[in-house]
Amino acid sequence: MISPDISVVICVYTEDRWADILAAVASVQAQSRLARETLLVVDHNETLRERLAGQYKETEEIRVLANAGPRGLSAGRNTGIAASYGEVIAFLDDDAVAERDWLKHFASGYEDPRVMAVGGRTMPIWASGRRPAWFPEEFDWVVGCTYKGLPPGRVRVRNVLGGNASFRRSAFDAAGGFATGIGRDGDKRPLGGEETELCIRLTRARPDAVLLIDDRAVIHHRVPEPREHFAYFRTRTYAEGLSKALVAQSVGSGKGLESERHYTTRVLPAGVARGLRDALLARPGGAGRAGAIVAGLLTTAGGYVLGSVRARPGGASFPVVEIPDGEEDAA
5 MISPDISVVI CVYTEDRWAD ILAAVASVQA QSRLARETLL VVDHNETLRE RLAGQYKETE
65 EIRVLANAGP RGLSAGRNTG IAASYGEVIA FLDDDAVAER DWLKHFASGY EDPRVMAVGG
125 RTMPIWASGR RPAWFPEEFD WVVGCTYKGL PPGRVRVRNV LGGNASFRRS AFDAAGGFAT
185 GIGRDGDKRP LGGEETELCI RLTRARPDAV LLIDDRAVIH HRVPEPREHF AYFRTRTYAE
245 GLSKALVAQS VGSGKGLESE RHYTTRVLPA GVARGLRDAL LARPGGAGRA GAIVAGLLTT
305 AGGYVLGSVR ARPGGASFPV VEIPDGEEDA A
């Protein structure tokens with residue numbers, strides 16, 4: 005089977021990440037399996053768009069676009085999908101760098117025509133140089149990274165994780181784009197869940213669809229210093245609870261919370277037990293990790309309950325963008 009063309013979409017929004025953006029683009033350009041194109045989608049920041057357009061004006065395989073929809077990550081991704089040409093669209097965070105074989109491993113997953121999405125493994129780069137002793141690996145999703153509890157290897161999953169993921173174009177033809185009522189939209193509250201909602205919607209539209217995570221497709225994601233503190237941990241877990249309520253409202257609690265039930269009943273109790281054992285053995289951070297897991301679970305649950313109470317009766321009605329068939333730039 006011929007390997008598919010892959011377009012890479014990187015959504016950006018702030019000049020504060022200028023060096024990170026350049027590093028992300030450079031990592032795509034250095035791939036062992038070259039991308040067809042890289043699209044930088046700028047979220048309502050004309051100064052940044054102009055600066056990036058000047059940076060890459062003589063580089064044909066890199067295009068700089070303005071987000072054509074409302075402020076937020078979902079609309080930015082939809083803009084990139086609509087403007088891209090590849091058979092597969094991959095997404096990379098603007099503060100991450102991909103290992104050399106990232107796209108190679110994504111492409112190999114699509115040798116099976118049933119595969120509609122392939123995600124990878126995201127590793128943290130801690131600003132302080134090392135993981136905080138209290139920070140449990142089970143909660144690495146708080147900082148946008150692969151967390152302890154996901155199965156190793158190339159495995160079938162309910163949903164891929166958005167900052168390191170790829171989809172067939174036909175997946176968007178079947179299910180539409182990312183819902184703009186879920187996920188980050190420029191507000192200070194770090195919501196998420198838009199890729200989970202899309203993946204569930206996709207498997208409903210295409211019951212034969214296979215979604216994979218291949219842990220050989222690795223990226224390294226920068227974790228800034230403020231996100232190493234418990235205050236951010238608490239804020240992000242609470243926001244995740246709110247996000248899960250939105251997703252469950254949109255697609256139903258059966259699929260919307262299927263993976264979370266295993267995580268809360270198996271993965272987290274095992275993490276607490278490890279933390280307490282480490283504490284008894286006088287290993288650094290053991291008690292802190294056990295406590296953080298309990299606190300994170302309670303805070304997430306609190307956000308979910310509040311989000312569910314606030315939900316309107318009759319289910320959610322989030323805007324789902326239909327990706328156009330045309331190949332127009334969305335600048």
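Going letter by letter, the sequence shown gives residues 5 to 335 in this note's numbering.
Yeah, the Cβ is synthetic: ideal placement off N, Cα and C, and Gly gets one too.
Note that this is a predicted model, so its numbers are computed, not measured.
Check, Outcome
"Those runs of the beta strand (DSSP E) which lie wholly inside the stretch 88 to 130 and span at least 3 residues", "92 to 96, 100 to 102, 119 to 130"
"DSSP three-state assignment for Glu337, whether helix, strand or coil", "Outside the modelled stretch of the chain, which goes from 5 to 335, sits residue 337, for which no answer is possible."
"Validate contact between the stretch 195 to 208 and the stretch 102 to 119 using beta carbons, cut 8 Å, 3 pairs", "no"
"Selected residue, minimal CA-CA separation from Arg160, among Ala137, Met120, Ile129, Glu141", "Met120"
"Where Ile204 sits in the DSSP three-state scheme", "helix"
"Paired residues, beta bridge with Ile10 - DSSP", "Val92"
"Spatial distance of Thr18 from Val227 (CA atoms)", "16 Å"
"Buried/exposed call for Tyr242, threshold 16 Cβ in 10 Å", "buried"
"Whole-angstrom distance between Ser7 and Glu115, CA atom to CA atom", "7 Å"
"Ala243, DSSP secondary structure in three states", "helix"
"Best match in Leu77, Val29, Arg278 for proximity to Glu142 [C-alpha to C-alpha]", "Arg278"
"Whole-angstrom distance between Arg281 and Val16, CA atom to CA atom", "42 Å"
"Contact check, Gly84 vs Ser31, beta carbons under 9 Å", "no"
"The alpha helix (DSSP H) enclosing Ile297, as first and last residue numbers", "290 to 314"
"Buried/exposed call for Tyr89, threshold 16 Cβ in 10 Å", "exposed"
"Opposing strand residues paired with Leu165 [DSSP bridges]", "Looking at the DSSP assignment, Leu165 forms no beta bridge with any residue, so it has no partner."
"Sub-9 Å separation of Glu201 and Val251 beta-carbons", "yes"
"Contacting residues, own chain, Cβ-Cβ under 7 Å from Gly80 (five flanking each side not counted)", "Cys15, Val45, Asp47, Asn71"
"Cβ neighbour criterion (16 or more within 10 Å) applied to Arg173", "buried"
"Residue span of the alpha helix (DSSP H) that contains Val32, given as start and end", "22 to 33"
"Identified DSSP bridge partners for Leu216", "Val122, Arg160"
"Ser78 burial status per 10 Å Cβ neighbour count (16 or more: buried)", "buried"
"Residues that His224 bridges to, as DSSP identifies them", "Val101, Met127"
"Beta carbon of Val276 nearer than 9 Å to that of Ala294", "yes"
"Within 9 Å, strictly: CB atoms of Arg125 and Asp24", "no"
"Contacts around Pro230, its chain only, beta-carbon distance under 7 Å, and the 5 residues preceding and following it disregarded", "Tyr236"
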